[in-house]
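Colleague:
In the working numbering, the protein residues as written are 33 to 261.
Laid out in structure tokens, this is it:
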């Protein structure tokens, strides 16, 4: 006696759905991007660099550390600053004339350190500030952000997927981002204009005077009294 197995329409639909699921699963993309540049992007953003200036300011009485802090602040602006450097002084509290004079002194001091007059702007405010200082110097700077390395989540042994290791390319991308002096060079090329020549002259002048021509690192700036907001 023979028995014939019959599959109803509902069972066929179920089998078809299961086969479709397995087919789509086989076409699923890799967990990690195939291009290490996509996995470890170099992001350029902005940060505000701040340097408070004490009320009892006198350029002739500055210590060596204070002088180096100011010169490092200017070097960093030359390297990655965007827009003008703003000298903010408070005109209220009965010290308006004193703080205005302080703002002018700070402007002259920054010019002596390598700034150009048209790159500076004096701003007078009346509200309270977060710093107990006669003046606060600030500017917007370009900043590079790169991912930390050390993602060893994928298997380091031989595999048949031909996919890159999860940590592959990280060191190259991270070193590239941290080595660039001006982060905006990663966004667009520098224009071939007179501004580049002026910048080169300023760097040569710093070199001839024995000053450091590169930008100070953010950690060194924070140790010297320069912070970010």
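For each residue, glycine too, the CB sits at the ideal point set by N, CA and C.
Treat the numbers as computed from the prediction; the structure is a model and nothing was measured.
1. Per DSSP, residue 170 is paired with what?
2. What are the boundary residues of the alpha helix (DSSP H) that includes residue 203?
3. Is the Cβ-Cβ distance between residue 146 and residue 110 less than 8 Å?
4. Straight-line CA distance for residue 100 to residue 216?
5. For the alpha helix (DSSP H) holding residue 217, just list the boundary residues, first then last.
6. Please state the DSSP three-state secondary structure of residue 182.
7. Cα separation between residue 241 and residue 142?
8. Starting from residue 104, trace the alpha helix (DSSP H) both ways and give me its first and last residue.
9. Taking residue 68 as part of the alpha helix (DSSP H), name the residues at either end of that continuous run.
10. If you measure between the beta carbons of residue 80 and residue 195, is that distance less than 8 Å?
11. With which residues is residue 153 paired in a DSSP beta bridge?
12. How should residue 198 be labelled, buried or exposed, when 16 other C-beta atoms within 10 angstroms of its C-beta is the threshold for buried?
13. Tell me the rounded alpha-carbon separation between residue 204 and residue 73.
14. Hey, would you say residue 243 sits closer than 8 Å to residue 103, going by beta carbons?
15. Residue 178 and residue 206 - do their beta-carbons sit closer together than 8 Å?
16. Residue 219: which of 83, 69 and 176 sits nearest, CA to CA?
17. Which of the three DSSP states is assigned to residue 136 in this structure?
18. Under the three-state reduction of DSSP, which class applies to residue 188: helix, strand or coil?
19. Determine the closest residue to residue 121 out of 138, 112, 97 and 113, with distance taken between C-alpha atoms.
20. Buried or exposed: which applies to residue 58, given that a residue is buried once 16 or more other Cβ atoms fall within 10 Å of its Cβ?
21. Helix, strand or coil, according to DSSP, for residue 244 in the structure here?
Modeller: Once the coordinates are examined:
1. Translated into the one-based positions of the chain shown, residue 170 becomes position 138. Note: residue 170 sits in a beta bridge opposite 82 and 118.
2. Reading the chain shown from its first residue, position 171 is the one you call residue 203. Counting along the chain, the alpha helix (DSSP H) containing residue 203 begins and ends at 202-211.
3. The sequence position of residue 146 within the chain shown is 114, counting from 1. The sequence position of residue 110 within the chain shown is 78, counting from 1. In this structure, residue 110 lies closer than 8 Å to residue 146 by Cβ.
4. Within the chain shown, numbered from 1, the residue matching residue 100 stands at position 68. Within the chain shown, numbered from 1, the residue matching residue 216 stands at position 184. Cα to Cα, residue 100 sits roughly 25 Å from residue 216.
5. Within the chain shown, the letter at position 185 stands for residue 217. Counting along the chain, residue 217 falls outside any alpha helix (DSSP H), and DSSP gives it neither H nor E.
6. Taking the chain shown and counting its residues from 1, the one referred to as residue 182 is at position 150. Residue state, collapsed to three classes: coil.
7. The residue you call residue 241 lines up with position 209 of the chain shown. The residue you call residue 142 lines up with position 110 of the chain shown. Answer to the nearest angstrom: the Cα atoms are 16 Å apart.
8. Along the chain shown, read from residue 1 onward, the residue named residue 104 stands at position 72. Counting along the chain, the alpha helix (DSSP H) containing residue 104 begins and ends at 96-112.
9. One-based indexing of the chain shown puts residue 68 at position 36. Residue 68 -> alpha helix (DSSP H) spans 68-71.
10. As a working note, residue 80 is residue 48 in the chain shown. As a working note, residue 195 is residue 163 in the chain shown. The answer is no: Cβ separation not under 8 Å.
11. Here the question's residue 153 lines up with position 121 in the chain shown. 118.
12. As a first step, residue 198 must be located in the chain shown, where it is residue number 166. Per the 10 Å Cβ criterion, buried.
13. On the chain shown, residue 204 is found 172 positions in, with the first residue counted as 1. On the chain shown, residue 73 is found 41 positions in, with the first residue counted as 1. Computed Cα separation, rounded: 11 Å.
14. Position 211 of the chain shown holds residue 243. Position 71 of the chain shown holds residue 103. Yes. Within cutoff.
15. As a first step, residue 206 must be located in the chain shown, where it is residue number 174. As a first step, residue 178 must be located in the chain shown, where it is residue number 146. For residue 206 and residue 178, yes; Cβs fall inside 8 Å.
16. On the chain shown, position 187 is the one that residue 219 refers to. The residue with the shortest Cα to Cα distance from residue 219 is 176.
17. Here residue 136 is taken as the residue at index 104 of the chain shown, counted from 1. Helix.
18. Taking the first residue of the chain shown as 1, we reach residue 188 at position 156. Note: residue 188 maps to coil in three-state DSSP.
19. For the purposes of this step, residue 121 is taken as residue 89 along the chain shown, with counting starting at 1. The option with the nearest alpha carbon to residue 121 is 138.
20. As a working mapping, residue 58 is identified with position 26 in the chain shown. Here residue 58 scores only 49 on pLDDT, less than 50, and its place in the model is too uncertain to base an answer on.
21. The count along the chain shown starts at 1 and reaches residue 244 at position 212. Looking at residue 244 - three-state DSSP - the assignment turns out to be coil, as it is neither helix nor strand.
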